Structure formats: structure tokens, C-alpha cells
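Chains as they are written, first to last, in the working numbering: chain A, 455 to 565; chain B, 57 to 170.
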């Protein structure tokens with residue numbers, strides 16, 4: 455059974471810092487890994503999708519990497535801003551299977 | 057494209073009542089998922105459809121829960137005889153049946169059972 459963990463559970467940084475969020479999964483036979491952002495009381499917003507054949511994806515100040523063999527992904531946020539404050543979740547799936555989510559990392563970027 | 061739409065956004069009900077949530081996926085998406093999320097946790101999978109076929113159902117989904125997607129478009133999630141433990145955010149998501157399979161979520165339906 456696939457299990458996903460995220461470290462740290464919470465993170466507080468001053469504005470402008472670069473930061474890394476971590477995601478680990480137990481079964482490396484994944485098809486996709488997706489990073490999401492969730493604001494309080496809202497749904498999830500897709501940030502980046504990495505297919506199993508890819509090593510990384512970039513969107514603006516975000517860069518996500520994937521190392522299938524070690525069961526890890528990282529989300530790098532450059533030059534953090536207060537508007538980046540949210541919970542960040544990763545999820546993995548195997549083809550035709552449902553997405554399994556981690557518990558999330560709650561990020562606070564202080565002005 | 058208006059994205060994934062869920063209704064109602066909030067529902068407050070008394071224990072023992074039945075509630076129904078509706079999800080309208082992105083129009084060209086043939087996969088539709090239901091998840092449940094409680095405070096401080098990641099979403100937990102409940103069930104998913106490919107077109108009108110319900111392909112997987114979690115053990116979390118007790119007999120009081122039923123989901124349908126009758127014409128392969130919108131879906132409903134019904135909870136019968138609600139219990140306080142059912143209080144949660146119910147999230148719907150959809151994706152295309154392609155190699156990318158990127159998941160898109162709605163804003164969720166928050167259920168409070170008194």
C-alpha cells in the first residue's frame with residue numbers, strides 16, 4: 455500500500471528566503487507525482503505535475519524534482535513571498551489508480 | 057472552461073439526516089474522484105469513476121455512502137443517516153484519461169453534522 459509523507463509538517467520563513475519542501479513515498483512504481491497548494495477552507499490548486507519519466511518541472515519560482523528510485527520529490531520555492539503562505543501537498547498515482555496524498559506542509563512566509 | 061464545480065459549498069445538518077453533494081467536472085474529463093479531508097490532514101480517497109463506471113471504492117466508504125455518475129458527466133455523493141464523524145470537507149476532482157492525468161479540484165463541500 456502506497457504511503458506518502460511530507461517533511462516538515464510546518465515551516466515559517468522570512469520573506470525572500472529560498473526554501474525546500476520534501477515528499478517521500480514508499481512504492482516507487484508511480485506514474486505521476488503532483489504538487490498542490492491549498493489555502494485555508496479552499497480546494498486544492500495544482501502547481502506542478504511530474505510524470506515518472508521526468509526528473510523535474512518548473513513553473514515561475516517553483517521547481518519540483520523527482521527521484522523515483524529513492525522515493526522522493528522536492529518542491530523548491532525561490533524568493534518566497536507572503537502570498538506563498540499556504541499548505542503544500544504532494545500526491546502520487548500509479549496508472550489507473552487513485553492519487554494518494556501526503557499530510558501536507560504548512561508554510562508561513564513572514565513579511 | 058469553468059473548472060470543477062461543487063454544490064453546495066457548505067451544508068449544516070442534524071445527525072441522522074441525509075445529505076447529497078453534487079460535482080460537475082471539467083467538461084472533457086472522463087475521470088472523476090471524490091476525496092474527504094479533515095482538518096490538518098491530506099485528502100483521503102473515497103471513490104472514482106471513469107465515465108459512468110465506478111472503478112474503485114475505498115474501505116472508508118461505508119454502506120451509508122453512495123456515489124453515482126449516471127451519464128458520465130456530473131456526479132453525486134450521498135451520505136445517509138449522517139453521523140458527527142462525517143463532518144469534513146468533501147472534495148471532487150477530475151482528470152483526463154491520458155498519460156498526464158493531471159488532477160484538478162473543485163472548491164469542496166464542507167459538511168457539519170450537529
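Yeah, the Cβ is synthetic: ideal placement off N, Cα and C, and Gly gets one too. Owing to the predicted nature of the structure, the values given are computational and were not obtained by experimental measurement.
- Around the beta-carbon of residue 495 of chain A, fewer than 16 other beta-carbon atoms lie within 10 Å, marking it exposed.
- Proximity of residue 532 of chain A to chain B, defined by a Cβ-Cβ separation below 9 Å, is not satisfied.
- Note on residue 534 of chain A: 16 or more other CB atoms within 10 angstroms of its CB, so buried under the neighbour-count rule.
- Taking the Cα of residue 84 of chain B as reference, the smallest distance to any Cα among B/102, B/60, B/126 is reached at B/60.
- The contact set of residue 555 of chain A on chain B, defined by CB atoms closer than 9 Å, consists of 91, 93, 97, 98, 99, 100, 101 in chain order.
- Judged by DSSP secondary structure, residue 468 of chain A falls within the beta strand (DSSP E) whose first and last residues are 464 to 468.
- Within 10 angstroms of the beta-carbon of residue 167 of chain B lie 16 or more other beta-carbons, which makes it buried.
- With fewer than 16 neighbouring CB atoms inside 10 Å of its own CB, residue 94 of chain B falls in the exposed class.
- For residue 140 of chain B, the number of other beta carbons within 10 angstroms of its own is below 16, and it is reported as exposed.
- Residue 519 of chain A and residue 90 of chain B have their C-alpha atoms some 27 Å from each other.
- Classified as exposed, residue 73 of chain B has fewer than 16 neighbouring CB atoms from the shown chains inside 10 Å of its CB.
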